[in-house]
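K.L.:
This is the structure, below, for whatever I ask next.
There are 2 protein chains.
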Amino acid sequence: MKTQKEYGITVKKGDNLSDWYSQVLLKTDLIDYGPSKGFIVLKPYGYSIWESVRQIIDIRLKESGHQNAYLPTVIPEGLLRKEEDHFSGFNSEVFWITKAGDNVLQEKLALRPTSEAIAYSLFSNWVGSYKDLPLKLNFWNSAMRAEIKSTKPFIRNSEFLWQEGHTVHTNNEEAEAEVRFILDLYEMILTDYLAIPVLKGFKTSKEKFVGAVATSTLEGMMPDGKALQLATSHNLGQNFSVPFEIKFLGNDNLEHFAWQTSWGISWRLIGASIMIHGDDHGLVLPPKIAPIQVVMVPIFKKDQANQNVVPRSMELASELVRAGIKVHVDTRDDFTAGWKYNDWEKKGVPLRINIGPKEILKGELEVVRRDTLQKETILQTSLVKRVKEILKLVHDNLLKNANEILRRSMAHASSFYQLKEMIQKQAGFVSGGWCGDEKCEISIKEETGADIRLLPFEWSKTLDSTMKCVYCGKNARSIPVFARAY
Amino acid sequence: MKTQKEYGITVKKGDNLSDWYSQVLLKTDLIDYGPSKGFIVLKPYGYSIWESVRQIIDIRLKESGHQNAYLPTVIPEGLLRKEEDHFSGFNSEVFWITKAGDNVLQEKLALRPTSEAIAYSLFSNWVGSYKDLPLKLNFWNSAMRAEIKSTKPFIRNSEFLWQEGHTVHTNNEEAEAEVRFILDLYEMILTDYLAIPVLKGFKTSKEKFVGAVATSTLEGMMPDGKALQLATSHNLGQNFSVPFEIKFLGNDNLEHFAWQTSWGISWRLIGASIMIHGDDHGLVLPPKIAPIQVVMVPIFKKDQANQNVVPRSMELASELVRAGIKVHVDTRDDFTAGWKYNDWEKKGVPLRINIGPKEILKGELEVVRRDTLQKETILQTSLVKRVKEILKLVHDNLLKNANEILRRSMAHASSFYQLKEMIQKQAGFVSGGWCGDEKCEISIKEETGADIRLLPFEWSKTLDSTMKCVYCGKNARSIPVFARAY
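Sequence order for the protein chains is P and W.
According to the numbering used here, the first sequence is numbered sequentially starting from 1.
According to the numbering used here, the second sequence is numbered sequentially starting from 487.
Listed below in structure tokens is the structure:
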């Protein structure tokens with residue numbers, strides 16, 4: 001039987017982000033911890049956020065010609081070993097099935113850490129001619145990777161929900177365009193729906209996806225100055241098509257190895273959204289992913305519930321429903337209005353509407369924004385219009401604040417001393433010249449704790465010939481962004 | 487690289503249902519076989535049928551107050567062992583994870599064969615008071631059971647997609663009502679959407695879900711006279727709430743063990759729908775689950791494609807789209823119209839519309855039903871209205887035919903000799919008196935190959951005192967339905 005715990009969030013976000021984050025997740029009924037280390041459970045409120053996000057992404061992928069499909073959860077060891085870099089990259093975190101009932105399996109089965117190996121063993125049978133291409137598939141599933149580092153719900157788990165896309169093309173240009181199209185799509189979803197601004201660029205050779213030619217990434221900044229990788233899109237070149245023999249007959253009537261991409265985004269974006277937007281009262285959900293966008297709290301004494309206030313609340317709520325707004329009327333009669341205010345504030349509902357006998361008499365409503373906690377009186381006759389406007393204001397305000405956090409976190413270092421000091425004192429994203437040598441990359445990581453998060457698409461343009469590597473002093477070949485990261 | 491195989495279905499359904507079924511699945515791009523025995527891959531066309539079905543069920547479950555959530559894929563051995571019958575029932579088919587990377591795990595992890603154990607270990611923390619109840623949760627995931635028997639795509643696989651529902655109640659009556667509500671919901675989905683009629687009733691004690699007090703079931707009849715269990719809904723009583731300590735404080739201020747149900751339906755219903763409705767040309771998809779309900783084939787010579795026929799087809803198609811009908815216009819210019827007809831027939835699209843210069847001139851369209859292959863000429867001005875009518879006719883006709891198969895398959899045996907002969911000669915469902923003794927149930931199974939599929943809710947009413955057990959001749963206590971089954 002459950003034991004009663006303290007109801008509100010008792011840690012301030014600014015005091016201890018990590019403890020605050022755990023409390024928010026548990027006390028708003030988003031998640032629970034599973035019985036095995038590193039595994040979490042999504043409770044209905046948490047899962048409905050994932051359903052929102054999934055639907056948004058799913059529609060965009062289908063609109064752009066991608067099709068969903070389903071692959072088995074298990075991958076035979078032999079297949080996983082087929083691309084050597086890929087296998088050695090994942091090997092240490094693969095869960096292995098060795099028995100079925102009391103029988104020892106002849107070949108071990110890996111739980112999908114990602115589906116390249118199994119998908120591409122199939123693609124070799126599905127692709128025959130250039131007419132079969134491009135093949136653009138997407139899979140909604142969970143990936144399993146035994147986490148040795150400390151785990152954190154949504155951010156780093158031994159099992160996570162995600163989508164993984166896998167495409168096959170006749171040429172590198174088309175694959176390259178797909179990689180960038182998807183990265184832009186992910187950026188649009190992060191900014192327009194989750195109100196999370198990101199930096200865009202390439203991973204270094206050391207940090208790229210194992211088996212890829214190049215990995216492009218979106219990196220977000222958390223309130224504690226640590227970076228978080230939010231989505232990646234990989235150009236696989238022919239690195240997999242050769243070992244997996246994915247060949248097509250071209251319109252030149254010759255056989256060619258295909259060009260491939262893979263890309264994914266996970267429930268991690270929910271974790272990022274919570275960390276960035278939440279406050280000392282609890283969750284602050286961006287309106288477009290909130291399972292409940294507007295909560296109406298009818299104010300009544302216990303015995304007056306059905307006289308006037310509740311029916312009128314339901315009427316107004318259905319106006320919102322008809323306008324496509326997700327609304328919930330809290331008619332519970334064993335809690336006070338004040339208790340309900342705190343409850344919905346904690347749960348991060350973007351907009352609360354208070355309605356009592358006084359409001360009904362005046363034809364007004366009291367509207368409270370979750371992000372600013374500001375109150376406003378509106379006319380019942382302009383309900384739908386004003387709610388839509390305010391929800392947009394909430395989103396824009398969250399994005400503006402997040403942009404501010406990102407902007408403030410960015411700095412440029414001209415020397416290693418500066419880089420080190422900036423990372424230690426301010427944290428955040430610090431750019432600096434780099435010669436391109438992995439030895440410098442590794443040394444910087446060892447001495448500062450910061451690794452290269454990305455080589456930005458944009459900033460690289462500002463490279464000039466006088467710029468030096470912050471570590472070795474040789475000529476800089478790029479200006480990467482360093483940060484400590486989750 | 488894929489090798490070209492014979493294009494059409496080369497086995498007649500009546501000659502060899504099993505070979506016909508495999509060919510249909512593979513040649514219509516519904517599935518492929520995974521690299522591990524018993525695992526299948528859903529290709530886009532197959533997965534989109536599952537998406538249709540899932541959406542239909544998901545909406546109904548949400549409307550009736552169920553909420554979605556997500557549980558980890560792995561269950562520690564200790565948890566799975568907590569309810570002993572449950573463990574011993576599943577043990578032989580559980581996939582066990584014993585290693586992560588090169589490390590041997592301290593406790594083995596089971597891949598979810600079903601989620602009772604892990605869900606209920608959590609419920610004990612989530613339920614505190616009668617105010618928390620009923621708790622009605624649903625999980626969309628895959629279940630994994632190592633199949634030792636021969637496998638068959640959609641029907642019996644080592645991994646299958648399904649939903650599993652788990653509810654907690656304050657009393658048995660409410661749990662019982664939930665069990666029946668869900669069974670009725672499943673029946674509605676099977677008949678109204680997949681055009682599959684079923685028999686409804688209880689499983690015997692021997693056949694019920696391991697750990698349940700009672701299992702109710704929906705049983706369908708396949709064209710080869712073998713029964714197929716299509717959905718089950720279990721009353722778990724307090725069998726799990728006691729070992730898992732799911733207790734609530736009642737409004738009597740005392741602690742009580744809760745009452746529970748669980749229930750599930752899987753992608754098996756897709757397999758059943760294919761076996762029942764398909765014909766020698768290939769798939770015949772029920773309109774309400776077809777990813778493409780109407781295919782339009784513009785008839786044109788290669789160089790005339792964009793003159794008139796294709797634009798007019800697109801115009802008409804958008805009328806259908808606006809009416810909520812899933813339509814596809816086949817504008818491929820490297821296939822003849824005749825080839826396309828065969829292709830879409832094989833893929834089971836319920837309605838095909840042929841449109842050429844002649845039809846455009848006359849303001850008509852040629853419409854071909856997939857179920858009867860009948861042609862009909864309709865006016866372009868009545869397109870939407872007539873298409874809706876015909877789609878309904880197709881569904882009704884499929885259901886009528888399936889009902890006919892079910893009706894013809896049913897017989898009553900007054901003696902064991904008769905039962906045995908009926909099972910061997912006609913197969914199908916055979917009812918007969920039963921004393922209720924498990925020994926008779928087992929002997930009948932051994933000697934005829936048929937087990938008790940169900941104790942029908944309805945037919946039991948016809949039991950009279952003169953009826954005897956077909957096997958032992960003692961007084962009959964019920965009239966179960968026997969059949970060989972998948």
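Every residue, glycine too, gets a C-beta built ideally from N, C-alpha and C.
Let me know the secondary structure DSSP gives ALA323 of chain P once reduced to three states.
P.N.:
Note: ALA323 of chain P maps to coil in three-state DSSP.
K.L.:
Please name the residue, chosen from P:LEU365, P:ALA119, P:LEU80, P:LYS152, that lies closest to GLN23 of chain P on a Cα-to-Cα basis.
P.N.:
With distances taken between Cα atoms, GLN23 of chain P lies closest to P:LYS152.
K.L.:
Give me the residue from P:GLN67, P:LYS37, P:TYR47 with the minimum Cα distance to GLU537 of chain W.
P.N.:
When only C-alpha atoms are compared, the closest one is P:GLN67.
K.L.:
Exposed or buried, VAL367 of chain P, counting other C-beta atoms within 10 Å across all chains shown (16 or more means buried)?
P.N.:
Result: buried.
K.L.:
Return the residue from the list W:GLU660, W:VAL783, W:ALA809 that minimises the CA-CA distance to PRO797 of chain W.
P.N.:
Out of W:GLU660, W:VAL783, W:ALA809, W:VAL783 has the C-alpha closest to the C-alpha of PRO797 of chain W.
K.L.:
Considering only the beta carbon of each residue, do THR377 of chain P and GLU389 of chain P sit closer than 8 Å?
P.N.:
The answer is no: Cβ separation not under 8 Å.
K.L.:
Going by Cα to Cα distance, which pick from P:VAL384, P:VAL41, P:LEU133, P:LEU383 is closest to GLY250 of chain P?
P.N.:
Nearest of P:VAL384, P:VAL41, P:LEU133, P:LEU383 to GLY250 of chain P, Cα basis: P:LEU133.
K.L.:
Since THR261 of chain P and THR381 of chain P are thought to touch, with beta carbons under 8 Å apart, how far apart are those beta carbons, to the nearest angstrom?
P.N.:
Not really, about 52 Å apart at Cβ, beyond 8 Å.
K.L.:
Could you tell me which residues DSSP pairs with PHE123 of chain P in its beta bridges?
P.N.:
Per DSSP, none; premise fails for PHE123 of chain P.
K.L.:
Going by DSSP, which residues form a beta bridge with GLY768 of chain W?
P.N.:
Per DSSP, W:ASP765.
K.L.:
Beta carbon of LEU755 of chain W, beta carbon of ILE641 of chain W: below 8 Å?
P.N.:
Contact: no.
K.L.:
Looking only at DSSP bridge pairs, what is TRP920 of chain W linked to?
P.N.:
Beta-bridge pairing links TRP920 of chain W to W:SER964.
K.L.:
Is there a Cβ of chain W sitting closer than 8 Å to that of SER92 of chain P, yes or no?
P.N.:
Closer than 8 Å: yes.
K.L.:
Can you have a look at VAL74 of chain P and say buried or exposed, based on whether 16 or more other CB atoms are within 10 angstroms of its CB?
P.N.:
Buried.
K.L.:
Which residues in the same chain have their Cβ closer than 7 Å to the Cβ of TYR679 of chain W, if we skip the five residues on either side of it in sequence?
P.N.:
Cβ within range, chain order: ILE542, PRO772, LYS774, ILE775.
K.L.:
Where do the ends of the beta strand (DSSP E) carrying ALA596 of chain W lie?
P.N.:
Element bounds for ALA596 of chain W: 589-597.
K.L.:
By alpha-carbon positions, which one of P:SER129, P:CYS440, P:VAL394, P:GLU84 ends up nearest to ASP252 of chain P?
P.N.:
It is P:SER129 whose Cα lies nearest to the Cα of ASP252 of chain P.
K.L.:
Roughly how many angstroms separate the alpha carbons of VAL813 of chain W and ASN887 of chain W, rounded to a whole number?
P.N.:
Spanning the two alpha carbons is a distance of roughly 26 Å.
K.L.:
At least one CB of chain W closer than 8 Å to the CB of ALA175 of chain P: is that the case?
P.N.:
No, ALA175 of chain P does not count as interfacial toward chain W.
K.L.:
Using the three-state DSSP reduction, which class does PHE695 of chain W fall into: helix, strand or coil?
P.N.:
Correct three-state label for PHE695 of chain W: coil.
K.L.:
Does any residue of chain P have a CB that is nearer than 8 Å to the CB of TRP745 of chain W?
P.N.:
Not an interface residue.
K.L.:
Mind checking if MET800 of chain W is an interface residue toward chain P, Cβ cutoff 8 Å exclusive?
P.N.:
Closer than 8 Å: no.
K.L.:
Span of the alpha helix (DSSP H) holding TYR21 of chain P?
P.N.:
Per DSSP, TYR21 of chain P belongs to the alpha helix (DSSP H) from 17-27.
K.L.:
Who are the neighbours of PRO558 of chain W on chain P, taking C-beta pairs under 7 Å?
P.N.:
GLY34, SER36, PHE39, VAL41, GLU159, listed in chain order.
K.L.:
If the cut-off is 9 Å on Cβ atoms, which residues from the stretch 581-598 of chain W count as contacting chain P, listed in chain order?
P.N.:
Within the stretch 581-598 of chain W, the qualifying residues are PHE581, TRP582, ILE583, THR584, LYS585, ALA586, GLY587, ASP588, ASN589, LEU591, GLU593, LYS594, LEU595, LEU597.
K.L.:
Buried or exposed: which applies to VAL728 of chain W, given that a residue is buried once 16 or more other Cβ atoms fall within 10 Å of its Cβ?
P.N.:
Exposed, by the Cβ-count rule.
K.L.:
If the cut is a Cβ gap below 9 Å, which residues of chain W does GLU51 of chain P touch?
P.N.:
Simply ASN554.
K.L.:
Could you give the distance in angstroms between the alpha-carbon of GLY587 of chain W and the alpha-carbon of PHE581 of chain W?
P.N.:
Their backbone Cα atoms lie some 17 Å apart in a straight line.
K.L.:
Alpha carbon to alpha carbon, how far is ALA971 of chain W from ALA700 of chain W? Give it in angstroms, no decimals.
P.N.:
Taking the straight line from one Cα to the other gives about 20 Å.
K.L.:
Name, please, each residue of chain W whose Cβ falls closer than 7 Å to the Cβ of PRO76 of chain P.
P.N.:
Those are PRO521, SER522, listed as they occur along chain W.
K.L.:
For a contact meaning CB atoms closer than 7 Å, what does ALA632 of chain W contact in chain P?
P.N.:
Ordered by position in chain P, the residues that pass the 7 Å Cβ test against ALA632 of chain W are ALA100, GLY101.
K.L.:
Taking Cβ-Cβ distances shorter than 7 Å, what residues in chain W pair up with LEU122 of chain P?
P.N.:
The contacting residues are ASP518, VAL527.
K.L.:
If we require 4 or more residues per run, which alpha helix (DSSP H) segments fall completely within the stretch 598-653 of chain W?
P.N.:
Here the runs fully enclosed are 602-612.
K.L.:
Measuring CB to CB, does MET144 of chain P end up less than 8 Å from GLU159 of chain P?
P.N.:
The answer is yes: Cβ separation under 8 Å.
K.L.:
Who are THR505 of chain P's beta bridge partners in DSSP?
P.N.:
No information on residue 505 of chain P is available, as it lies outside the stretch 1 to 486 that chain P covers here.
K.L.:
Return the CA-CA distance between CYS926 of chain W and GLU731 of chain W, expressed in angstroms with no decimal places.
P.N.:
Distance between the alpha carbons of CYS926 of chain W and GLU731 of chain W is about 37 Å.
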